[in-house]
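In the numbering used here, the protein residues as written are 55 to 250.
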């Protein structure tokens, strides 16, 4: 890429390159030069858009936290208490997420939990990392609970945490969707009432 040429969507291009580096080399291989090389741009481009590499990682964490939460919210079912089972509604909501992005982001946060704190400084603790996704799933479960489809003693937040965790575990391990779908169904089935 010639110097001085404006690159449309440079930030997202660098974020995507970082994900490709993690997929190829793991988090240990995530360096500034590796990211710019993967993106096919000059090393100076990263510093033109971010304070430093740590700032780049923090902004990546903010971006992906927000994007994944928004994806989950957009996939929220229009009808609550319908013929669709509670478990299927939760699975559909999580299926709407970009699985490669979610898996890479989970790996990065596992290695660098401080990045979730950096994201929380911008988005708030309730939206940083996978908290936004978990909250959206919990909202779905709470709504189902108000219709009487979930046992009164079940806590929607705990059930959502388990569902999101099962999906992330499968995505990071490369397991088929059927594996985490089964885990979510088992967890939710234990929480629903006979009428649900």
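Glycine included, every Cβ here is placed at the ideal spot set by N, Cα and C. In this text the structure is predicted, and so the values were computed from the model without any measurement.
Residue i (DSSP reduced to helix, strand or coil)
{"i": "residue 194", "result": "helix"}
{"i": "residue 169", "result": "helix"}
{"i": "residue 204", "result": "strand"}
{"i": "residue 73", "result": "helix"}
Option in the options with minimal Cα separation from residue i
{"i": "residue 93", "options": "67, 83, 215", "result": "67"}
{"i": "residue 127", "options": "190, 225, 231, 230", "result": "190"}
{"i": "residue 152", "options": "141, 243, 184, 172", "result": "184"}
{"i": "residue 244", "options": "221, 101, 216", "result": "216"}
{"i": "residue 188", "options": "159, 230, 122, 108", "result": "122"}
{"i": "residue 170", "options": "119, 205, 156", "result": "119"}
{"i": "residue 148", "options": "129, 106, 175", "result": "129"}
{"i": "residue 200", "options": "234, 108, 161, 140", "result": "140"}
{"i": "residue 73", "options": "105, 161, 176, 240", "result": "161"}
{"i": "residue 235", "options": "142, 131, 192", "result": "142"}
{"i": "residue 177", "options": "198, 113, 100", "result": "113"}
{"i": "residue 206", "options": "246, 158, 226, 240", "result": "246"}
{"i": "residue 182", "options": "197, 159, 101", "result": "159"}
{"i": "residue 223", "options": "198, 210, 164", "result": "164"}
{"i": "residue 211", "options": "111, 192, 233, 167", "result": "192"}
With 16 other Cβ atoms within 10 Å as the buried cut-off, status of residue i
{"i": "residue 83", "result": "exposed"}
{"i": "residue 218", "result": "buried"}
{"i": "residue 186", "result": "buried"}
{"i": "residue 79", "result": "exposed"}
{"i": "residue 179", "result": "exposed"}
{"i": "residue 240", "result": "exposed"}
{"i": "residue 59", "result": "Any reading at residue 59 must be qualified, since the residue scores a pLDDT of 41, below 50, and its modelled position is unreliable; no value is offered."}
{"i": "residue 175", "result": "exposed"}
{"i": "residue 100", "result": "buried"}
Alpha helix (DSSP H) segment containing residue i, residue limits
{"i": "residue 81", "result": "Element bounds for residue 81: n/a, residue is neither H nor E."}
{"i": "residue 212", "result": "210–227"}
{"i": "residue 178", "result": "Premise fails: residue 178 is in no alpha helix (DSSP H) and is neither H nor E."}
{"i": "residue 95", "result": "No alpha helix (DSSP H) contains residue 95, which DSSP labels as neither H nor E."}
{"i": "residue 120", "result": "107–128"}
{"i": "residue 139", "result": "From DSSP, residue 139 is part of no alpha helix (DSSP H); its letter is neither H nor E."}
{"i": "residue 236", "result": "231–243"}
Cβ-Cβ separation, residue j to residue i (assumed contact under 8 Å), whole Å
{"i": "residue 213", "j": "residue 195", "result": "6 Å"}
{"i": "residue 64", "j": "residue 89", "result": "Wrong, their Cβ atoms sit about 12 Å apart, outside the cutoff."}
{"i": "residue 115", "j": "residue 203", "result": "That belief does not hold up - the Cβ atoms of residue 115 and residue 203 are roughly 35 Å apart, past 8 Å."}
{"i": "residue 86", "j": "residue 107", "result": "4 Å"}
{"i": "residue 144", "j": "residue 238", "result": "6 Å"}
Residue i Cβ short of 7 Å to the ligand SAH heavy atom set
{"i": "residue 180", "result": "In terms of ligand content, the structure shown is empty, and the ligand SAH therefore cannot be addressed."}
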